[in-house]
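Chemist: Its first residue numbered 6, the first sequence is counted upward by one per residue in my numbering. Yeah, the Cβ is synthetic: ideal placement off N, Cα and C, and Gly gets one too. Being a predicted model, the structure only gives us computed values, none of them experimental. Here it is: the structure, laid out below.
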Amino acid sequence: MPKEFYRGDPARVAVKLLGKLLVRVYRGKRLSGKIVETEAYYGIEDPASRARRGGNLARMIYGDVGVALIYGVHRQWLLNVVAHPSSEAGAVLIRAVEPVEGVETTKKLRRALELQLLTSGPGRLTRAMAIDKKLHGKPVYTTAHGLWIEDGEEISERQVAVSHRIGVTEDLPMPLRFYIKGNPFVSRKTPPARL
DNA sequence: CGCCAGATTGACT
DNA sequence: GTCAATCTGGCGG
6 MPKEFYRGDP
16 ARVAVKLLGK
26 LLVRVYRGKR
36 LSGKIVETEA
46 YYGIEDPASR
56 ARRGGNLARM
66 IYGDVGVALI
76 YGVHRQWLLN
86 VVAHPSSEAG
96 AVLIRAVEPV
106 EGVETTKKLR
116 RALELQLLTS
126 GPGRLTRAMA
136 IDKKLHGKPV
146 YTTAHGLWIE
156 DGEEISERQV
166 AVSHRIGVTE
176 DLPMPLRFYI
186 KGNPFVSRKT
196 PPARL
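Below, the structure written as structure tokens:
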């Protein structure tokens, strides 16, 4: 996807990412997965955003679009892509993918788990696709760094389900999690009641 | 350098 | 269902 794809409201970009193919080249092989679950995050006005904590991540959320923003939490790596309209702030968290290419390699990275558990969760998919801090800050609109997003399946509006974001302690009033209805690779947890 | 909170996961009372 | 392991990033000293 070209860089301009990521210039838009984070929630809108999050929806557009559903069905796209996340591609990682690992040891010369293509690992890929169809994106089936995303969440949108905003700037400091968003209580769940890393931007609120300041520092480098905040600068990146307010910075150039289309770059991978990867940070660690609970010993996992979380993959986001910076996405927002010009001179605003935001990012999209990739929460789950459906394995497409390189499933065997992916299984090794995750040590023989059920297929369904390989990539259905933000920490799971980064591990399964060997995505870590080395890719932090790299653009995903070129194939130059071994991580990018390709066009994929067309998803119609009625296949998209929305809910509140998962795991956040304080959410915004509007639902910002988007996933493909009925897809078995969507992470299972139910979103907590919002405040 | 030590402290704390957390966009999670998986093991277990 | 509950719960703690374990690590990153920000911040204070």
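#1: Determine the contact status of V173 and A88, defining contact as a CB-CB distance below 8 Å.
#2: Restricting to Cα atoms, I'd like to know which of I154, I160, K186 is closest to R35.
#3: Put E119 into one of helix, strand or coil per three-state DSSP.
#4: Does the separation of the CB atoms of I160 and I99 fall below 8 Å?
#5: Does any heavy atom of the ligand ATP sit closer than 7 Å to the C-beta of R116?
#6: Counting C-beta neighbours from all protein chains within 10 Å, is the total for T148 16 or more, i.e. buried, or is it exposed?
#7: Count the other CB atoms, across all protein chains shown, that sit within 10 Å of the CB of K139; report buried if there are 16 or more and exposed otherwise.
#8: Using C-beta distances below 6 Å, list every residue in its chain close to A166, excluding the 5 sequence neighbours before and after it, in chain order.
#9: If we count Cβ pairs, one from each stretch, closer than 8 Å, do we get three or more for the segment 71-88 versus the segment 97-113?
#10: Excluding five sequence neighbours on each side, which residues of the same chain lie with their C-beta closer than 6 Å to the C-beta of L27?
#11: For V78, count neighbouring Cβ atoms within 10 angstroms of its own Cβ and tell me buried if that reaches 16, exposed if not.
#12: Tell me which same chain residues have a C-beta within less than 8 Å of the C-beta of G126, skipping the five on either side of it?
#13: Measuring CA to CA, which of T124, G151, D69 is closest to E42?
#14: Mind checking whether A56 and D176 have CB atoms under 8 Å apart?
#15: For the beta strand (DSSP E) containing K39, name the first residue and the last one.
Modeler: In short:
#1: No, the pair does not count as a contact, with Cβ atoms beyond the cut-off.
#2: I154
#3: coil
#4: no
#5: This structure does not include the ligand ATP; it has no bound ligands of any sort.
#6: Using a 10 angstroms sphere on the CB of T148, the tally of other CB atoms stays under 16, which defines it as exposed.
#7: exposed
#8: Contacts found: Y184, K186.
#9: yes
#10: The beta carbon of L27 lies closer than 6 Å to those of G38, I40, V102, I154 in the same chain, with the five residues before and after it left out.
#11: exposed
#12: Counting only Cβ-Cβ distances below 8 Å, and skipping sequence neighbours, we find R100, A101, S192.
#13: Cα-wise, what sits closest to E42 is T124.
#14: No Cβ-Cβ contact shorter than 8 Å links A56 with D176.
#15: 34-46
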